[in-house]
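2 protein chains.
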Amino acid sequence: MNELEFVAGLRTLPLHPAARGLDDDCAVFECGTETLILTHDMMAEGTHFAPEAKMADVAWKLVAMNLSDLASKGADPIGALIGVSLGRDDEGFLSGLRDALVIYDMPLLGGDTIASTGPSTFGITAIGRATHQPVPSRRGAKEGDALYVTGIFGRAMLGFEGHAQHLDAFHRPQPRLAEGRALAPLVSAMMDVSDGLLLDAWRMAQSSKVSFRLKPELIPVADTTRLDECLRWGDDYELLFTAHPALDLPVPVTRIGVVEAESEAPVYLGGTALLEPQSLGYQHG
Amino acid sequence: MNELEFVAGLRTLPLHPAARGLDDDCAVFECGTETLILTHDMMAEGTHFAPEAKMADVAWKLVAMNLSDLASKGADPIGALIGVSLGRDDEGFLSGLRDALVIYDMPLLGGDTIASTGPSTFGITAIGRATHQPVPSRRGAKEGDALYVTGIFGRAMLGFEGHAQHLDAFHRPQPRLAEGRALAPLVSAMMDVSDGLLLDAWRMAQSSKVSFRLKPELIPVADTTRLDECLRWGDDYELLFTAHPALDLPVPVTRIGVVEAESEAPVYLGGTALLEPQSLGYQHG
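Protein chains in written order, with the numbering used here: chain A, 662 to 946; chain B, 662 to 946.
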């Protein structure tokens with residue numbers, strides 16, 4: 662099965678109401694007077710990182726990608742459980758893990774380590790605390806809202822290719838936790854962009870049953886001569902959100918388009934209707 | 662690094678107080694008026710299951726081993742996040758996963774699926790709710806307590822070898838959730854036995870700073886002619902606990918020894934002092 666088929670299979674299993682139908686970035690779990698935000702992301706050698714990658718960077722990115730999911734909910738990190746298959750350069754892995762846990766104030770809650778016989782696989786379950794109710798989802802975008810992003814797209818791509826000023830964007834991405842917390846009370850929908858801006862915008866529009874009209878000339882990209890690639894490469898870990906256009910927003914963001922009533926295509930890029938998700942970004946499995 | 666060295670490295674990272682120093686089966690997290698129990702266990706092809714294993718059984722066991730950790734805390738399952746590397750017989754995996762989630766009433770909270778290039782790796786983060794305070798730990802065994810187990814040891818070993826009446830013990834182990842809940846208010850220390858009875862008893866005695874004196878003739882084993890192996894093979898997922906010897910216990914258990922003041926060896930098996938953990942059970946990594 663490919664990933665879409667498998668996730669469709671998972672959706673037929675017993676789901677907790679907090680799972681939001683497995684259609685969001687995180688579970689949102691009411692626990693007494695608190696609302697916990699839960700997410701689990703994995704990375705595998707050969708799929709998500711090269712065999713020659715520095716393990717300190719792999720550990721950092723594993724933490725960052727999970728925290729980016731928490732950021733999309735406006736959550737504060739509480740702690741993490743980690744799953745590690747031991748392999749080469751475990752000291753490096755511990756060092757990058759320490760860097761990320763310290764900087765983002767996310768202590769370990771537990772975990773498991775295993776010996777493995779093949780490429781390394783890692784997983785983190787990150788747990789956070791919602792800072793605002795209702796917790797943002799992908800489903801709330803409304804006609805008349807404006808569409809915004811944090812940051813610049815294509816930086817991870819250029820870092821992957823070795824451009825010196827973008828290396829950190831690829832190897833040490835910074836989850837938008839502060840921005841997520843500041844925006845959570847103001848947004849109508851929010852998600853993190855990890856698989857490419859166009860693909861993730863397409864998904865949010867579908868979840869919200871609206872259409873997005875993006876103005877390509879407004880989208881901040883790292884290389885304007887490679888716009889198409891910058892909008893399709895993943896790994897940027899920025900936030901994509903919608904909000905009422907009259908709102909003053911408390912953090913630096915860029916308005917890149919508007920939300921319209923649902924029409925033929927979920928996303929229009931300038932005059933181009935993007936009808937299908939294929940070729941819009943990183944499709945799993 | 663081997664697993665012990667890596668876990669020692671993890672202990673030098675920022676730890677949440679709920680992590681209990683990474684020295685227990687689960688994290689115990691106070692969340693408003695609730696106490697959550699959190700655990701993460703992984704399985705890898707080639708290490709924890711054979712390439713020819715039925716994936717439905719692998720999925721069942723993955724759930725069961727995580728629930729066994731919750732059982733050792735007397736916890737009720739709330740839900741699980743799952744990490745899956747897609748590979749062969751994903752339909753079978755989903756089918757075994759459904760069986761276990763339904764029977765143990767643990768709905769999915771979320772998860773991640775990845776394409777992988779090598780042997781499959783799976784992880785589950787199981788979350789439960791404590792049913793009794795204080796939540797049992799490995800550290801509370803006291804001189805004068807009696808030492809008990811649930812079930813029979815060596816059944817998983819015989820199932821692994823193909824003995825018909827023990828196949829389920831190996832392929833579809835049943836976590837002792839009901840027993841854990843019933844015992845939690847009465848025990849002084851409790852853990853689940855997954856790496857072999859002698860090794861896990863050794864660990865509990867060390868954590869509690871006591872010595873255990875086991876009477877080998879009292880320990881229920883599946884094949885008395887292979888006592889040494891039955892006491893050292895893992896995968897039985899029974900509970901090991903200590904309690905005041907005068908207590909009436911509400912579930913079927915077997916008294917296998919007594920707790921003494923700490924002396925030279927953590928565990929004595931009959932007249933034999935077991936000074937070192939080597940050769941007592943399944944040592945990771």
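Here a beta-carbon is modelled for each residue, glycine too, at the ideal position from N, C-alpha and C.
Because the structure is a prediction, the values reported are computed rather than measured.
Quick check on the burial criterion: 16 or more other C-beta atoms within 10 angstroms. Buried or exposed for residue i?
i: HIS905 of chain B; result: exposed
i: PRO836 of chain A; result: buried
i: TYR898 of chain A; result: buried
i: TYR929 of chain B; result: buried
i: VAL914 of chain A; result: buried
i: ASP922 of chain B; result: Note that residue 922 of chain B is Ala in the sequence shown, not Asp. Result: exposed.
i: LEU860 of chain B; result: buried
i: GLY682 of chain A; result: exposed
i: ALA791 of chain B; result: buried
i: ARG672 of chain B; result: exposed
i: THR823 of chain A; result: For clarity, residue 823 of chain A is Gly in the given sequence; the question names Thr instead. GLY823 of chain A is exposed by the Cβ-count criterion.
i: LEU941 of chain B; result: buried
i: GLY815 of chain A; result: buried
i: PRO846 of chain A; result: exposed
i: ALA866 of chain A; result: buried
i: ALA850 of chain B; result: buried
i: ALA736 of chain B; result: buried
Sorted by chain position, which residues of the same chain lie with C-beta nearer than 6 angstroms to residue i's C-beta, five sequence neighbours on each side aside?
i: VAL912 of chain A; result: GLU840, ALA843
i: ILE917 of chain B; result: LEU808, VAL810, LEU875, LEU879, ILE880
i: ALA679 of chain A; result: ALA688, VAL689, PHE690
i: VAL724 of chain B; result: ALA761
i: VAL848 of chain A; result: PRO797, PHE902, ALA904
i: THR782 of chain B; result: ALA705, SER746
i: LEU936 of chain A; result: ALA926
i: GLY946 of chain B; result: The pLDDT assigned to GLY946 of chain B is 41, lower than 50, so where the model puts this residue is not dependable; a value taken from the coordinates is nonetheless given after this. The answer, listed in chain order, is ASN663, GLU664.
i: ALA817 of chain B; result: ALA830, PHE831, ASP896, ASP897
i: MET703 of chain B; result: GLY784
If you measure between the beta carbons of residue i and residue j, is that distance less than 8 angstroms?
i: ASN727 of chain B; j: ALA741 of chain B; result: yes
i: LEU900 of chain A; j: GLY857 of chain A; result: no
i: ASP750 of chain A; j: PHE831 of chain A; result: no
i: LYS722 of chain A; j: ILE698 of chain A; result: no
i: THR786 of chain B; j: THR786 of chain A; result: yes
i: SER855 of chain B; j: SER729 of chain B; result: yes
i: ARG759 of chain B; j: ARG799 of chain B; result: no
i: LEU747 of chain B; j: ALA776 of chain B; result: yes
i: PRO947 of chain B; j: VAL719 of chain A; result: The requested residue 947 of chain B is not part of the displayed model; chain B covers only 662 to 946.
i: THR700 of chain A; j: GLY707 of chain B; result: no
i: GLY789 of chain B; j: PRO834 of chain B; result: no
i: THR694 of chain B; j: THR885 of chain A; result: no
i: HIS677 of chain B; j: LEU769 of chain A; result: yes
i: GLY931 of chain A; j: PRO877 of chain A; result: yes
i: LEU838 of chain A; j: TYR765 of chain A; result: yes
i: GLY779 of chain A; j: GLY779 of chain B; result: yes
i: VAL920 of chain B; j: GLU752 of chain B; result: no
i: ASP685 of chain A; j: ASP853 of chain A; result: no
In chain order, what residues of the same chain lie with their CB nearer than 7 angstroms to the CB of residue i, ignoring the 5 residues before and after it?
i: SER924 of chain B; result: SER872
i: LYS870 of chain A; result: GLU923
i: GLY744 of chain B; result: GLY772, ASP773, PHE783, GLY784
i: VAL668 of chain A; result: LEU683
i: GLU666 of chain B; result: none
i: ALA934 of chain B; result: GLU925, ALA926
Looking only at its own chain, which residues have a Cβ that is under 8 angstroms from the Cβ of residue i, when we skip the five neighbours before and after it?
i: GLN794 of chain B; result: THR696
i: PRO712 of chain B; result: GLU706, PRO780
i: VAL882 of chain B; result: ILE813, PHE814, GLY815, LEU888, CYS891, LEU892
i: LEU908 of chain A; result: LEU847
i: PRO938 of chain A; result: LEU860, TRP863, ARG864, GLN944
i: MET767 of chain A; result: VAL724, LEU728, PRO738, ILE739, GLY740, ALA741, ALA761, ALA787
### Interfacial residues, the stretch 758-783 of chain B to chain A, with Cβ spacing under 7 angstroms
Listed by position along the chain: LEU758, ARG759, LEU762, VAL763, PRO768, LEU769, LEU770, GLY771, GLY772, ASP773, THR774, ILE775, ALA776, SER777, THR778, GLY779, PRO780, THR782.
> In chain order, which beta strand (DSSP E) runs of at least 3 residues are fully inside the stretch 742-797 of chain B?
Replying inline: For the stretch 742-797 of chain B, whole beta strand (DSSP E) runs of length 3 or above, ordered along the chain, are 769-776, 782-791.
Which complete alpha helix (DSSP H) runs does the stretch 854-913 of chain B hold, if anything under 4 residues is left out?
Secondary structure within the stretch 854-913 of chain B: the alpha helix (DSSP H) runs of 4 or more consecutive residues, fully enclosed, are 858-869, 888-893 (chain order).
Practice task
Note down, in chain order, all residues in the stretch 730-756 of chain B with a beta-carbon under 8 angstroms from any beta-carbon belonging to chain A.
Solution key: Correct list: ILE739, GLY740, LEU742, ILE743, GLY744, VAL745, SER746, LEU747, ASP751, GLU752, LEU755.
### Positions along the stretch 878-903 of chain B whose CB lies within less than 7 angstroms of some CB in chain A
Interface annotation for the stretch 878-903 of chain B against chain A: empty, criterion Cβ-Cβ distance under 7 angstroms.
Looking at chain A, which residues of the stretch 693-716 of chain B have a Cβ within less than 9 angstroms of any of its Cβ atoms? Shown in chain order are the members of the stretch 693-716 of chain B whose Cβ falls below 9 angstroms from a Cβ of chain A: GLY693, THR694, GLU695, LEU697, LEU699, THR700, HIS701, ASP702, MET703, MET704, ALA705, GLU706, GLY707, THR708, HIS709.
For the stretch 795-818 of chain B, which residues have a CB atom closer than 9 angstroms to at least one CB atom of chain A, in sequence order? Against chain A - using a Cβ distance shorter than 9 angstroms - the stretch 795-818 of chain B contributes no residues.
Of all the alpha helix (DSSP H) runs that stay within the bounds of the stretch 792-835 of chain B, which reach a length of 4 or more residues? If we require 4 residues or more, the alpha helix (DSSP H) runs fully inside the stretch 792-835 of chain B come out as 816-821, 828-832.
task = Taking only runs that begin and end inside the stretch 680-709 of chain B, name each unbroken beta strand (DSSP E) of 3 or more residues, in chain order.
result = If you keep only unbroken beta strand (DSSP E) runs of at least 3 residues inside the stretch 680-709 of chain B, you get 688-692, 695-705.
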